[in-house]
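In what follows, a single structure is set out as structure tokens and then discussed.
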Amino acid sequence: MADLSVNICGVEFKNPLIAASGTFGFGREFSELYPLSELGGVSSKGITLEPRDGNPTPRIAECESGILNAVGLQNPGVDHFIEHDLDWLKAQDTVVIANIAGSTVDDYRAMAEKLSDTSVDMLELNISCPNVKCGGVQFGTQPDSAALITGEVRKCCKKPLIVKLSPNVTDITEIARAVESAGADAISMINTLTGMRIDIDTARPIIRNNTGGMSGAAVFPVAVRMVWQVANAVALPIIGMGGISKWQDAVEMLMAGASALQIGTVLFNDPYAPIKIRRGLEKYLDDKGYDSVKELTGIVKPW
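Residue numbers for the sequence shown follow the numbering used here, beginning at 6 and rising by one.
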């Protein structure tokens, strides 16, 4: 059988399938369905310095081949995560990635300092949340601000640092180069595309926040294109995400340049999707005669 293990920034994953932030909570509900050790890793629900209630409802709208969301980082706060969730997650025999988001540089620094002294394996810096009216989004849309927040967190972060990129930019390679130069250890991409739906009976946006983040199968080709572009622009490992819903998508994203993958929106209608994707990926590797999943990364041959 082919070797599914991957190493990202010195952290060993038993397979490249990671549950994506915002779609898996802190994993407790999914652990009732299968052992989380079946996954390569878990990226936590986005954590902020203080607890947040999130945006007012309605904050979800279904779309063709995807969903639009503006949950607004509802979470119990970093201290609660450390006290009540982290030890349980670490006991599940999978890599634990803490996804952090904030409104100010000081917010991000404070969380990085707190989490650096814990057993969390990696930090994922969310500088690109499109459904929060302040903070986050401002850092991820310009090279200078992306470099600033990455550099400030790097100074106080003792863990491998992943920076999550927004697709809502003119040139994503500029942002990738900026965070690489500022000290990022890896990149995860893409976050959601900003979208909008309108109720034609009321002439109001369906989502109370007016706009939200579009995710799901419909965004997959955009994600593949951006991963490929960034893989050719920086030397950092890439954790690819955005609409992956079956094993064929996983192969495609790896070929585009990803070293590992995050599985997100598909979990809402098929919680077993990462397990199915892992099994399909393993069979593909065996059928094609590959010894390791690492052989797929970046092998696409452009015309």
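Every residue gets a Cβ at the ideal spot worked out from N, C-alpha and C, and that includes glycine.
Query                                                                                                                                                                           : Result
With 16 as the cutoff for other CB atoms within 10 Å, does Ser-26 come out buried or exposed?                                                                                   : buried
For the region 58-85, which segments carrying the alpha helix (DSSP H) assignment without a break, of at least 4 residues, lie completely within its bounds, in sequence order? : none
On the DSSP letters alone, give me the boundaries of the beta strand (DSSP E) that Lys-2 sits inside.                                                                           : Nothing about residue 2 can be read from this structure; the chain reaches only from 6 to 308.
Can you tell me where the beta strand (DSSP E) with Gln-147 in it begins and where it stops?                                                                                    : Note, Gln-147: premise wrong, no beta strand (DSSP E); not H, not E.
Where Leu-323 and Ile-205 are concerned, what is the direct C-alpha to C-alpha distance, given to the nearest angstrom?                                                         : Because residue 323 is not part of the residues shown, which for the chain are 6 to 308, the question remains open.
Taking the beta carbon of Thr-197 as the centre, do at least 16 other beta carbons fall within 10 Å, making it buried, or is it exposed?                                        : buried
Please state whether the Cβ-Cβ distance between Gly-30 and Leu-54 is less than 8 Å.                                                                                             : no
Only counting the same chain, and skipping five residues up and downstream in sequence, which positions put a Cβ closer than 7 Å to that of Asp-291?                            : Met-6 and Ala-7
On the CB-based measure, 16 or more other CB atoms within 10 Å of its CB, does Glu-185 come out buried or exposed?                                                              : buried
Given Thr-199, which residues of its chain have a CB within under 8 Å of its CB, disregarding the five upstream and five downstream residues?                                   : Pro-135, Asn-173, Thr-216, Gly-217, Gly-218 and Met-219
Can you give me the C-alpha to C-alpha distance between Asp-190 and Met-201, rounded to a whole angstrom?                                                                       : 33 Å
On a Cα-Cα basis, can you pick out the residue from Ser-250, Leu-259, Phe-35 and Tyr-39 that is closest to Ser-49?                                                              : Phe-35
Output yes or no for whether 8 Å exceeds the beta carbon distance between Ile-380 and Met-231.                                                                                  : Past the boundaries of the shown model lies residue 380; the chain is included only from 6 to 308, so the question cannot be answered.
Short check: CB of Lys-3 to CB of Leu-128, under 8 Å?                                                                                                                           : Within the shown structure, residues of the chain are numbered from 6 to 308, placing residue 3 beyond reach of any answer.
Is DSSP giving Pro-40 helix, strand or coil here?                                                                                                                               : coil
To the nearest angstrom, how far is it from the Cα of Ser-124 to the Cα of Leu-38?                                                                                              : 25 Å
Name the residue from Asp-254, Ile-244, Val-168 and Ile-243 whose alpha carbon lies nearest to the alpha carbon of Val-224.                                                     : Asp-254
With which residues is Val-309 paired in a DSSP beta bridge?                                                                                                                    : This structure cannot speak to residue 309, because the chain is shown only from 6 to 308.
From the DSSP output, in three-state form, read off Met-393 for me.                                                                                                             : This structure leaves residue 393 out entirely; the chain is present only between 6 and 308.
In whole angstroms, what is the alpha-carbon distance linking Ala-228 and Ile-243?                                                                                              : 12 Å
Secondary structure at Val-239, three-state DSSP: helix, strand or coil?                                                                                                        : coil
Mind checking who Gln-267 pairs with in its DSSP beta bridge?                                                                                                                   : Ile-23
Check whether the region 255-275 and the region 286-306 touch, using three or more Cβ-Cβ pairs below 8 Å as the test.                                                           : yes
Do the CB positions of Gly-221 and Lys-251 come within less than 8 Å of each other?                                                                                             : no
Asp-111: which of Val-239, Glu-157, Asn-104 and Phe-86 sits nearest, CA to CA?                                                                                                  : Glu-157
Looking at Ile-132 and Ile-167, is the spacing between their C-beta atoms short of 8 Å?                                                                                         : no
Bridge partners for Ser-193 per DSSP, in chain order?                                                                                                                           : Lys-169 and Ile-244
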